[in-house]
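Protein chains in written order, with the numbering used here: chain A, 308 to 690; chain B, 2 to 435; chain C, 2 to 569. Beta carbons are placed, not taken as given, at the ideal position from N, Cα and C, and that holds for glycine. This report concerns only the one structure given below.
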Amino acid sequence: MKSEIESLLKETRAFMCLDCGKCTGACPLARQGGTYSPRMHIARMVYGYGSEVFADMDMWSCLTCGLCETNCPSNVKYTDFMSKVRVFSAGERRGGFCAHAGITHTLARMMANDGENQSRLGWVNDELKTAESGDVLYFVGCLPYFDNIFDYIKIEGTGIAKNSVELLNKLGVTPVVMKNEVCCGHDLLWSGDRDNFQKLVKKNVEAIAKTGARTIVTSCAECLRTLKVDYPQFAKFNFEVKHISEFVAEKLDGSSMKMSQFDGSITYQDPCRLGRHLKVYEPPREVLKKIPGVKLVEMRSNKDNSICCGTTHFLNCDRVSEGIRKERFSEALDTGAKTLVTACPKCQIHLKCSQSNRMQDEGVESLHITDFATMVNKHLVRN
Amino acid sequence: MADSVLVIGGGIAGIQAALNLADKGIHTYIVEKLPTIGGHMALLDKTFPTNDCSICILAPKLAECSNHDLIDILAYSEVLSVEGKEGAFKVKIKRKARYIDEEKCTGCEDCARSCPIKVSNEYNLGLNMRKAIYIPFPQSVPRIATIDASVCMHFTKGKCGVCKIKCGAGAVDYDQEDEIVELEVGSIIAASGFEVFDPKEMTEYGYGVYKDVVTSMEFERILCASGPTAGRITRPSDGKTPDRIVFVQCVGSRDPKHGRPYCSSVCCMHATKEAMLVREHDEHVETCILYTDLRAAGKGFFEYAERGKKDYGIKYIRAKPGRIVRDESSGELEVWYEDTATLKVSRMKAGMVVLATALVPSRSTAKLAETLGVELDEYGFFRSPDPLLRPVDTTRPGVFATGYCESPKDIPESVAQAGAAALRASRVVAGVTA
Amino acid sequence: MSEETPKSPPRIGVFVCHCGKNIGGVVDVPSVAKFAEGLPNVVFSTDNLYTCAEDGLTCIKDAVVKHNLNRVVVASCTPRTHAPLFMSAIEEAGLNQYLFEFVNIRDQCSWVHMKEPEKATKKAMILVEMGVRKASLLEALEEKEIAVEPSALVIGGGVAGMVAALGIADHGFQVHIVEREERLGGLIGNIEKVYPVKRAASSVISDLERAVRASPMIEVHTSSTVKDAKGYVGNYDVEIQNGGASTFHRIGAIIVATGATEFKPEGMYSYGEDGRILTQLELERQMREGKVDGVKSVAMIQCVAARGEKFTYCSKMCCSVAIKNAIELKTKQPAIDVSILYNDIQMPGEALEKVYTDAREMGIKFLRFPLKARPQVVADGGLAVRFFNESLGADDELRPDLVVLSAPLVPREGAKELSRMLKVPLGQDGFFFEAHVKLRPLDFATDGVYLCGTAHGPKGLQESISQAMGAASRALIPLSNGKVRGEAAVAFADEATCIGCGNCVKVCPYVAIDRVERNGRFVAVVNSALCKACGTCVPACPSGAMTQKSFTDSQLLEMVDAVSQEEA
């Protein structure tokens with residue numbers, strides 16, 4: 308155990324922590340007045356108090372948003388640290404409390420152990436062109452399940468998938484859509500459940516390989532990061548992975564395709580996994596700004612300083628998470644924009660949940676939250 | 002064998018090297034790219050740990066250089082090429098045209114007063130404006146005006162000409178041209194100093210977005226009696242006196258991610274000094290220094306910092322802020338940090354924030370190294386083949402480097418090391434072999 | 002320059018400086034200049050924004066010529082930094098530079114009366130009047146030239162001493178190195194490796210020693226001390242003692258390179274109670290002797306006795322020494338557990354920061370404690386290090402096999418005697434105190450004596466070497482020129498009135514006065530080359546025979562008169 312912890316500390320550069328506290332000063336959880344301190348967790352591990360870290364419930368509140376890591380002058384890999392520490396903690400049968408009675412994690416585990424009998428393509432209608440094999444694969448993620456679980460907050464759910472596929476069609480691409488796709492496993496990976504994650508990886512990689520696809524496109528930032536960064540560490544993975552915004556930006560570059568008019572100001576929520584984790588900030592902005600009439604007004608905390616939507620992997624969603632969202636809405640309203648564009652269905656779920664369900668400041672309910680794919684598809688004129 | 006030495010850079014290190022050499026009887030040239038010698042030390046308000054007025058202790062040395070029979074100052078000049086070898090270098094220097102007859106100019110500044118063009122004043126770090134024809138600061142040596150042809154209306158549009166009319170000494174000469182001079186010297190000392198790291202990429206701190214977030218060098222000018230606010234501590238945004246000033250250390254230093262991995266060596270001390278000066282200017286202004294390791298190791302430095310705490314009431318908090326934003330309704334800045342001694346995460350309100358930015362080798366150093374044919378280390382400082390026993394040597398015999406451009410250091414260390422460079426340079430000229 | 006006091010009546014020019022806002026922000030400078038116009042013998046009075054700037058100096062020079070001034074009064078900042086500047090300006094204009102009076106209306110007026118501008122202005126006027134009254138009585142003075150013996154003495158044969166000696170010898174001057182120990186090398190003779198260059202200390206010493214011994218200009222005196230050094234810049238009579246025998250040498254310049262030594266923290270942190278509690282130097286010796294090979298865990302404690310514990314200062318080098326030793330330990334035995342308890346890590350210079358991060362990458366742990374609650378070491382059969390772990394906000398304890406205390410460098414024994422012998426001061430911390438902390442770190446206020454290395458204060462080897470080279474460069478100024486100019490405003494005893502009591506001889510800090518027999522009586526004679534014009538002898542003289550040029554009784558009484566008139 309000692310040598311495993313030592314490896315963990317070396318791999319995540321925990322020894323390099325100068326104890327400056329910049330991470331904690333930036334951490335959205337810490338700023339809500341809780342007791343969470345990324346620095347403290349690193350210090351405890353380094354000084355031999357790892358067991359305290361494994362037993363700390365607060366540890367599961369970490370959004371792994373990466374703001375600490377981006378700020379850290381010593382390049383301590385905090386998100387990796389958190390992911391690895393949770394494996395130890397899960398090994399001790401510990402975990403965070405999972406919102407919505409744990410249904411999302413349960414579904415993921417079900418898919419890991421038996422994903423063959425899913426009925427997940429009901430959203431594909433006759434107007435959408437899809438295929439069973441081809442160059443480009445559209446990875447749907449758990450949108451079909453979110454339709455059911457979150458219908459009461461009116462998320463765009465499979466609407467995002469439909470708009471994404473239509474968008475790809477307009478750009479001349481007929482994407483592969485798999486019927487036996489399973490959850491990418493993001494939530495299980497970050498909860499320390501490597502065993503089930505491994506199973507999901509195996510299933511997805513085998514299924515994708517069978518389609519002959521070389522490029523995977525997804526409209527979910529969490530799927531994106533998981534496929535691009537985590538899968539190669541668990542299996543042989545030779546696919547290119549892109550977010551829909553990156554794919555669209557590339558296709559529209561130098562193209563003569565037209566967009567229809569939109570009048571008004573919008574603001575954009577950088578997803579943690581697309582932004583800080585993968586450093587993709589400009590492509591979604593470039594594309595949105597191509598829509599005539601769009602005025603993109605940045606929130607006060609944007610790009611690498613962007614604030615997380617407040618909940619990750621459905622764990623420890625609580626008052627503190629709501630506090631984070633309140634601050635985020637405040638920044639959004641300050642921009643004067645009437646539309647907030649998300650680029651990850653999770654951001655949309657959490658923000659819409661807060662918007663519809665909770666006590667909020669005036670004006671929040673009038674903020675129109677929509678996905679990138681939805682908005683761009685609406686305005687891209689078919690050739 | 003040429004018996005002169007060329008010193009490149011007229012900051013404190015260059016000046017001290019030149020004085021050591023000239024006092025010893027060795028003829029020395031000082032080449033300085035700016036219109037005046039003095040370097041950054043001339044722009045500081047006070048110097049730690051004595052809190053001497055910087056220009057007050059420097060100006061006599063500037064005047065000494067100016068008056069010394071054996072020192073020739075070539076200001077507003079650049080080194081173009083260096084040929085030859087140790088003991089016999091041929092150096093081509095471009096003396097840039099000031100468009101002023103140096104013999105006639107009295108430094109009265111009537112020209113500057115009448116000039117209609119205003120541009121950002123680099124000597125006040127862009128905090129105020131200067132004219133197209135100008136003298137950098139009152140104690141400039143040489144105290145001769147210079148026309149910045151890139152913005153002067155005469156040169157850009159063929160109009161104006163007011164300065165020529167107003168100059169009582171008839172010193173303005175628009176037809177002046179750059180001059181190339183060739184010097185023969187036995188050895189060369191590079192003393193090209195530093196420049197300030199630009200922290201605008203560190204978006205978490207809001208530099209460049211919020212006017213009241215300034216760098217330490219900018220704040221130094223605000224504190225200085227000869228600066229843009231005549232020494233009154235006022236916020237750039239609204240001219241009001243802040244209730245509290247927060248100093249943030251290690252902005253770009255000890256930070257391989259955003260800036261440089263090394264420690265800039267002087268910032269903990271100059272923040273203490275600036276905070277002391279704030280308290281002297283106005284004891285109603287609170288000061289707080291947010292630091293990681295307080296580097297106060299030099300002679301008298303720790304005691305100085307303790308004085309700062311006890312006698313001046315400066316708050317020292319071991320923290321590095323994670324986020325600085327502006328509250329639009331109050332106009333105050335909010336500094337978010339974790340106090341790593343009390344473990345509390347707080348938001349501190351500040352009227353101004355002073356970022357202790359890293360000091361990096363100046364851009365001219367990179368170009369100079371190429372011209373001199375010497376190597377730089379991975380951070381851009383001059384590299385010595387034997388940093389222990391030959392600290393001021395470079396990779397080319399006969400060429401030496403001293404001061405900040407050799408490695409981060411403070412003024413006393415620069416002055417001491419300038420002596421070391423003078424020693425090495427004079428050896429060459431004295432014909433000492435090996 | 003004219004050496005004659007002008008025979009014509011005084012024509013005084015007064016120049017009042019604004020010094021930007023330094024003076025002008027408090028004192029109403031134009032009215033002071035106007036006031037001066039009305040003072041006796043003042044024929045010209047003006048104010049300058051910066052009298053020290055080129056245009057200010059030109060203003061003085063022009064006025065001397067234009068108004069035929071034969072005395073100049075400048076009211077501005079401090080003579081310490083600016084007197085020579087103005088004096089050489091009037092010399093250029095043709096006046097003897099001692100026909101000049103400096104009135105300090107900055108440090109002694111505007112700076113200390115910042116909040117009372119009206120009173121400060123009044124005071125400035127009084128000060129200027131005092132200066133003007135004295136100026137009327139100023140005489141032309143000359144500085145004597147003193148020949149400089151072309152040889153140097155370096156006290157201390159450590160690295161700094163050897164480097165300084167080589168620097169001087171290279172330029173063709175004789176150098177004597179006096180080293181109290183049997184061997185050259187000093188402090189680093191006790192250590193293994195020098196960081197950050199990672200060279201063996203012994204090779205550094207042997208390289209330098211080889212060069213020193215090969216130089217025909219350097220004479221090395223080991224097991225020797227400087228028994229006495231009488232004289233003054235350019236003309237020292239030095240007695241070097243070796244055992245019972247003494248040799249005498251004429252010396253032109255002296256460099257103090259006597260180094261420092263590691264403090265032994267007796268009675269602190271249980272040092273001395275257990276053989277497993279060591280200082281860093283002791284650790285290095287044990288490492289060298291292989292006595293640390295079986296150790297599994299080490300805890301090092303920084304700031305022992307320093308930074309406010311027993312000594313006020315930070316010893317600058319202890320952090321890098323500890324980290325160096327930690328890296329050496331961990332390199333030899335990767336499994337060893339090394340913890341360094343610190344408060345603020347000091348790693349001066351560019352290369353050392355990398356050493357620090359290298360140490361962290363090796364897994365060396367750094368634990369922070371507050372200065373107000375330092376770690377406690379208890380030898381209870383084992384070793385316990387109890388401290389408040391500030392990062393965790395909780396009490397913590399380590400149980401290492403070895404505890405290493407990082408103690409500061411302290412001045413070596415004999416510093417006090419040497420300081421008295423050479424007439425150079427020590428600072429409050431016991432290290433030698435230089436002329437000016439910022440701009441003259443290697444000079445002493447006493448001409449002809451220079452300073453370098455850890456004798457100046459704690460520092461690393463690289464910095465000591467730079468300083469040694471710099472000190473050599475400073476010493477070479479009088480040596481190369483072969484002469485120096487002495488003080489002009491010296492004291493002198495009127496032979497007729499002197500009663501030969503010898504009081505002045507006793508009080509002179511520079512031993513500049515001799516009691517000699519002249520015409521059958523004893524009289525005091527001031528050596529004008531040694532005299533530093535401090536004025537201590539003047540009030541000590543019971544008969545009034547002793548006076549000091551530029552501070553004569555009549556001049557001073559005129560100044561007192563100016564003040565008392567105002568009071569009345």
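Span of the beta strand (DSSP E) around residue i
i        : result
B:Val361 : Leu360 to Pro362
C:Phe16  : Ile13 to Cys18
C:Ala230 : Ser225 to Tyr233
C:Ile341 : Asp338 to Tyr343
8 angstroms Cβ cutoff met for residue i and residue j
i        : j        : result
C:Gly454 : C:Ala469 : yes
A:Leu444 : A:Ala520 : yes
A:Gly293 : A:Arg632 : In the structure displayed, chain A extends from 308 to 690; residue 293 of chain A sits before or after that span and is not available.
C:Gly157 : C:Thr223 : no
C:Arg421 : C:Ala261 : no
C:Val404 : C:Val425 : no
A:Arg346 : B:Thr341 : yes
B:Leu424 : B:Val186 : no
A:Cys491 : A:Leu475 : no
B:Ile145 : B:Ala133 : no
B:Cys269 : B:Tyr292 : yes
B:Ala359 : B:Gly209 : no
Nearest residue (CA-CA) to residue i, options the options
i        : options                                   : result
C:Phe493 : C:Leu480, C:Ala476 and C:Val539           : C:Val539
B:Lys410 : C:Thr47, C:Lys439 and C:Ala64             : C:Lys439
B:Cys66  : B:Lys95, B:Ile148, B:Val92 and B:Asn21    : B:Asn21
C:Phe87  : C:His68, C:Ala54 and C:Thr313             : C:Ala54
C:Lys297 : C:Gly428, C:Ala327, C:Asp338 and C:Leu410 : C:Asp338
C:Ala360 : C:Pro371, C:Arg375 and C:Ser340           : C:Ser340
A:Asn690 : A:Ile515, A:Ser567 and A:Glu359           : A:Ser567
C:Asn482 : C:Phe264, C:Ala380, C:Ile24 and C:Gly173  : C:Gly173
B:Ser415 : B:Ala426, B:Ala402 and B:Arg425           : B:Ala402
A:Ala299 : A:Val601, A:Arg400, A:Ser563 and A:Lys469 : Nothing about residue 299 of chain A can be reported from this structure: the residues present for chain A run from 308 to 690 only.
B:Gly15  : B:Lys165, B:Cys406, B:Pro200 and B:Val430 : B:Cys406
Span of the alpha helix (DSSP H), counted from its first residue to its last, around residue i
i        : result
A:Val394 : Tyr385 to Gly398
A:Gly571 : Note, A:Gly571: premise wrong, no alpha helix (DSSP H); beta strand (DSSP E) at Gly571 to Tyr575.
A:His493 : His493 to Trp497
Next item on the list: Give, in chain order, every unbroken run of the beta strand (DSSP E) that is at least 3 residues long and sits entirely within the region 105–188 of chain B.
Entry: 119–121, 130–132 and 180–186
Next item on the list: Check distances from the C-beta atoms of the region 35–58 of chain C to those of chain B and list, in chain order, the residues that come in under 9 angstroms.
Entry: Leu50, Tyr51, Cys53, Ala54, Glu55, Asp56 and Leu58
Margin query: So if I threshold CB-CB distances at 8 angstroms, which residues from the region 467–487 of chain A count as touching chain B?
Written below: none
Notebook entry, point to check: If you scan the region 257–284 of chain B from start to end, which runs of the alpha helix (DSSP H) of 4 or more residues do you find wholly inside it?
Noted result: 268–282
Margin query: Output needed in chain order: residues of the region 388–406 of chain B with a Cβ under 8 angstroms from some Cβ in chain A.
Written below: none
Margin query: If the cut-off is 7 angstroms on Cβ atoms, which residues from the region 244–275 of chain B count as contacting chain C, listed in chain order?
Written below: Arg255, Pro262, Tyr263, Cys264 and Ser266
Check: What runs of the beta strand (DSSP E), each 3 residues or longer, lie entirely inside the region 413–488 of chain A?
Finding: 443–446
Item checked: Interface positions of the region 322–341 of chain A facing chain B (Cβ-Cβ less than 8 angstroms), listed along the chain -> Leu325, Asp326, Cys327, Gly328, Lys329, Cys330, Thr331, Gly332, Ala333, Cys334, Ala337, Arg338 and Gly340
Next item on the list: Please list the residues of the region 279–290 of chain B that have a C-beta atom closer than 7 angstroms to any C-beta atom in chain A, keeping them in chain order.
Entry: none
Margin query: So if I threshold CB-CB distances at 8 angstroms, which residues from the region 606–637 of chain A count as touching chain B?
Written below: Arg607, Ser608, Lys610, Asp611 and Asn612
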